[in-house]
Amino acid sequence: MAKKQLINQRTALILAGLIFGVGASLLQKWGNPPNMGVCVACFIRDIAGALGLHRAGVVQYIRPEIIGFVLGAFISAYAFGEFRGRGGSAPLVRFFLGVFAMIGFLVFLGCPVRALVRLGGGDLNGLVGILGLIFGAFLGIQFLKRGFNLGRAVKIPTIAGWIMPVGVIVLLLFSLFKPPFIFTSVKGPGALHAALGLSLGAGLIVGFLAQRTRMCFVGGWRDLILIKDTHLFGAIAAFFIGVLLCNLSLDQVNWGFADQPVAHTNHLWNFLGMTLGGLAATLLGGCPLRQLILTGEGDTDAGITVLGLFAGAALAHNFLLASSKEGPSVFGPWAVIIGLIFIFLVGFFMREKI
Amino acid sequence: MVEVDARGFSCPIPVVKIMHAIENSPGESITVFVESEVSRENVSRLAQSKGYTVEIEALAEGYKLILNPPSS
């Protein structure tokens, strides 16, 4: 019985990964930026820009996919009795882990999801990023094995768990009614997007599936190393296959390092940016997508992490930390080093005796 | 009998705690308290992969899992 259930879970996870991968490829066909069908980090950065939290005019747009991820998970969590208001596990530390994770992702130019989307579009820099991500997860595991944790969360009233889902509904209203204080790119990646209904629909489906299957684009790598378990990795592999096959059929693959869309070729900082992101996400217990899904389930610690990701995106553009096509910025690498130091201190000192 | 209270910890901390319990007390039954369905699934999967059988009891808040070692 238990074995059958496990097989069912695994099948569901692989199918969900495939659907998500095909969706990410199709979203590019439908108008999202090339090799950026889905990027949780970039899309949060775009929303931060739309809200005026940074002034990079080419990356400002309320990405409906993000809204869909949270609401899809919210609906699923309610449908299956898994919505639970909870919080109180080192929120400030989580906030800053979110800030530095985002800075790392924006030095690479993509989250753990987009790294696969890039590779599936032929961008070999994506592979360098993935290696950095795996190295980051490996470092995080060393802390986990030595007793690192962010402390226990406690049950809190349901209403608190509703704050973030209601927040994304407000974002949806902004994108429908376009109040004058919302910024929208007229050129650059922020101006490239699928129709609102398609983006939102895809987000809702993926959010629902990701909540049911616990899909995580850092957890999959982590479990391979930590417990030699391929369960969560199944979604990563299936997602990549979905992206690649759909891209091939749509003629969206262009192999190489140079001249890839929204990417640079500096291997060192592609690697280390993702090391920072992967390390932060491992200590946080999940990738940015997973944080959005948990937010939809009422986890306010994940909610704070998401706010940290927003703040990190704003900082990354206001302080010129994010990379561009030409490569890393002047200050980006320094921010990555500061982030790594911060996380090493957190990882080292927030341990309990085991 | 080893007891691990992993309530309130989110993924992957309950799994790490059970890994340590298995390493430190091989051949012993382990009783685990977890809060969420995710932790219940993850701990069960780890225990089964190590050959343990898993008994699950739903509590008012969360779950109690009894992990029995391979040959006892």
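Note that the protein sequences, when read in sequence, are chains A and B. The opening position of the first sequence corresponds to residue 781 in my numbering, with each subsequent residue numbered one higher. The opening position of the second sequence corresponds to residue 808 in my numbering, with each subsequent residue numbered one higher. Using N, Cα and C, we set each Cβ at its ideal position, and we do this for glycine too.
Please classify residue i: does DSSP put it in a helix, a strand, or coil?
{"i": "Lys1133/A", "result": "coil"}
{"i": "Met781/A", "result": "Residue placement at Met781/A is flagged as unreliable, the pLDDT there being 46, under the threshold of 50; a coordinate-derived value is accordingly withheld."}
{"i": "Arg866/A", "result": "strand"}
{"i": "Thr791/A", "result": "helix"}
{"i": "Ala1043/A", "result": "coil"}
{"i": "Thr964/A", "result": "coil"}
{"i": "Asn1098/A", "result": "helix"}
{"i": "Thr838/B", "result": "strand"}
{"i": "Lys824/B", "result": "helix"}
{"i": "Ile873/B", "result": "strand"}
{"i": "Gly1036/A", "result": "strand"}
{"i": "Ser851/B", "result": "helix"}
{"i": "Glu830/B", "result": "helix"}
{"i": "Ala1160/A", "result": "Outside the displayed range of chain A (781 to 1134) lies residue 1160/A, so it cannot be described from this structure."}
{"i": "Asp826/A", "result": "helix"}
{"i": "Thr938/A", "result": "helix"}
{"i": "Gln1007/A", "result": "Sequence check: residue 1007/A is Ile here, not Gln. Residue state, collapsed to three classes: coil."}
{"i": "Ser856/B", "result": "helix"}
{"i": "Ser805/A", "result": "helix"}
{"i": "Ile842/A", "result": "coil"}
{"i": "Ala865/B", "result": "strand"}
{"i": "Gly1107/A", "result": "strand"}
{"i": "Phe928/A", "result": "strand"}
{"i": "Val818/A", "result": "coil"}
{"i": "Val811/B", "result": "strand"}
{"i": "Ala836/A", "result": "coil"}
{"i": "Pro819/B", "result": "coil"}
Nearest to residue i by CA position, among the options, is which residue?
{"i": "Phe1037/A", "options": "Gly1065/A, Ile985/A, Met944/A and Gly901/A", "result": "Gly901/A"}
{"i": "Tyr859/B", "options": "Lys824/B, Pro821/B and Ile837/B", "result": "Ile837/B"}
{"i": "Ala1094/A", "options": "Leu795/A, Pro813/A, Ala836/A and Leu798/A", "result": "Ala836/A"}
{"i": "Ala1015/A", "options": "Ile1007/A, Gly1000/A, Cys1026/A and Ser1029/A", "result": "Gly1000/A"}
{"i": "Phe1128/A", "options": "Val986/A, Asn929/A, Leu798/A and Leu793/A", "result": "Asn929/A"}
{"i": "Arg825/A", "options": "Val887/A, Leu924/A and Lys925/A", "result": "Val887/A"}
{"i": "Gly1092/A", "options": "Ile883/A, Gln789/A and Gly1078/A", "result": "Ile883/A"}
{"i": "Thr938/A", "options": "Val1042/A, Asn812/A, Leu889/A and Gly1076/A", "result": "Gly1076/A"}
{"i": "Ile914/A", "options": "Arg1070/A, Leu1012/A and Met1054/A", "result": "Met1054/A"}
{"i": "Gly834/B", "options": "Ala867/B, Val809/B and Lys824/B", "result": "Val809/B"}
{"i": "Ala1119/A", "options": "Phe876/A, Glu862/A and His834/A", "result": "Strictly speaking, residue 1119/A in this sequence is Gly, with Ala absent from that position. Closest by alpha carbon: Phe876/A."}
{"i": "Lys935/A", "options": "Val998/A, Thr964/A, Val838/A and Arg866/A", "result": "Arg866/A"}
{"i": "Leu866/B", "options": "Val839/B, Val823/B, Met826/B and Ala828/B", "result": "Val839/B"}
{"i": "Gly797/A", "options": "Tyr841/A, Val897/A and Val850/A", "result": "Val897/A"}
{"i": "Pro959/A", "options": "Ile842/A, Leu984/A, Asp1003/A and Arg864/A", "result": "Ile842/A"}
I'd like the list of long-range same chain contacts for residue i, defined as Cβ closer than 6 Å, with 5 residues on each side in sequence excluded.
{"i": "Ile910/A", "result": "Ala895"}
{"i": "Ala1017/A", "result": "none"}
{"i": "Gly801/A", "result": "Phe1019, Gly1022 and Val1023"}
{"i": "Gly920/A", "result": "Leu1059, Thr1062 and Leu1063"}
{"i": "Ile962/A", "result": "Ala830 and Phe954"}
{"i": "Ile1117/A", "result": "none"}
{"i": "Asn1050/A", "result": "Phe888, Asn905, Val908 and Gly909"}
{"i": "Ser805/A", "result": "Gly817, Val1023, Cys1026 and Asn1027"}
{"i": "Asn1034/A", "result": "Gly902"}
{"i": "Phe885/A", "result": "Ala821, Cys891 and Gly1057"}
{"i": "Ala828/B", "result": "Val809, Val811 and Ile837"}
Between which residues of its own chain and residue i is the CB-CB distance below 7 Å, once the five residues before and five after are set aside?
{"i": "Glu1106/A", "result": "His1044"}
{"i": "Arg932/A", "result": "Ser869"}
{"i": "Pro813/A", "result": "Pro969, Leu972, Pro1041 and Val1042"}
{"i": "Val861/B", "result": "Ser851, Ala854, Gln855, Leu872 and Leu874"}
{"i": "Gly916/A", "result": "Met1054, Thr1055, Leu1056, Gly1057, Gly1058, Leu1059 and Thr1062"}
{"i": "Tyr870/B", "result": "Val841, Arg847, Ile863 and Glu864"}
{"i": "Lys1133/A", "result": "Gly927"}
Can you name, in chain order, every residue of its own chain whose Cβ lies under 8 Å from the Cβ of residue i, other than the five neighbours on each side?
{"i": "Asp988/A", "result": "Asp is not the amino acid found at residue 988/A; the sequence shown has Phe there. Cβ within range, chain order: Gly852, Ala853, Ile855 and Ser856."}
{"i": "Phe1099/A", "result": "Phe1111 and Ala1115"}
{"i": "Phe918/A", "result": "Ile1005"}
{"i": "Pro871/A", "result": "Thr1080, Asp1081 and Ile1084"}
{"i": "Leu807/A", "result": "Gly817, Val818, Glu845, Ala974, Leu978, Ser979 and Ala982"}
Under 7 Å Cβ-Cβ, which residues of chain D neighbour residue i?
{"i": "Val934/A", "result": "This model lacks chain D altogether; the protein chains it does include are A and B."}
Checklist line | Entirely enclosed alpha helix (DSSP H) segments - the region 1055 to 1094 of chain A, minimum 4 residues | finding: Uninterrupted alpha helix (DSSP H) stretches at least 4 residues long and entirely within the region 1055 to 1094 of chain A occur at 1068 to 1076, given in chain order.
Checklist line | Selection of the region 973 to 1000 of chain A by Cβ proximity to chain B, strictly under 9 Å | finding: With the criterion set as a beta carbon lying under 9 Å from some beta carbon of chain B, the members of the region 973 to 1000 of chain A are Arg994, Cys996 and Gly999, in sequence order.
Check: Using a beta-carbon distance cut-off of less than 7 Å, what residues from the region 843 to 862 of chain A approach chain B?
Finding: For the region 843 to 862 of chain A, residues whose beta-carbon sits nearer than 7 Å to a beta-carbon of chain B comprise Glu862.
Next item on the list: Can you give me, in chain order, the residues of the region 863 to 888 of chain A that have a beta carbon less than 9 Å from any beta carbon in chain B?
Entry: Here the close residues are Arg864, Arg866, Gly868 and Ser869.
Next item on the list: Please list the segments of the alpha helix (DSSP H) lying wholly inside the region 951 to 1003 of chain A, counting only runs of 4 or more residues, in order along the chain.
Entry: 976 to 993, all fully within the region 951 to 1003 of chain A.
Next item on the list: Check each residue of the region 839 to 855 of chain B: if its Cβ is closer than 9 Å to any Cβ of chain A, include it; give the result in chain order.
Entry: For the region 839 to 855 of chain B, which is checked against every Cβ of chain A, the residues closer than 9 Å are Glu842, Ser843, Glu844, Val845, Glu848, Asn849, Ser851, Arg852, Leu853 and Gln855.
Notebook entry, point to check: Unbroken alpha helix (DSSP H) runs of length 4 or more, entirely within the region 847 to 926 of chain A: which are they?
Noted result: Runs found: 871 to 888, 892 to 900 and 905 to 925.
Next item on the list: Pull out every residue of the region 1071 to 1090 of chain A whose Cβ sits closer than 7 Å to any Cβ of chain B, in chain order.
Entry: Under the 7 Å Cβ criterion, the region 1071 to 1090 of chain A contributes no residue.
Notebook entry, point to check: Between the region 1107 to 1122 of chain A and chain B, which residues of the former have CB atoms less than 9 Å from a CB of the latter, in chain order?
Noted result: The residues in question: there are none.
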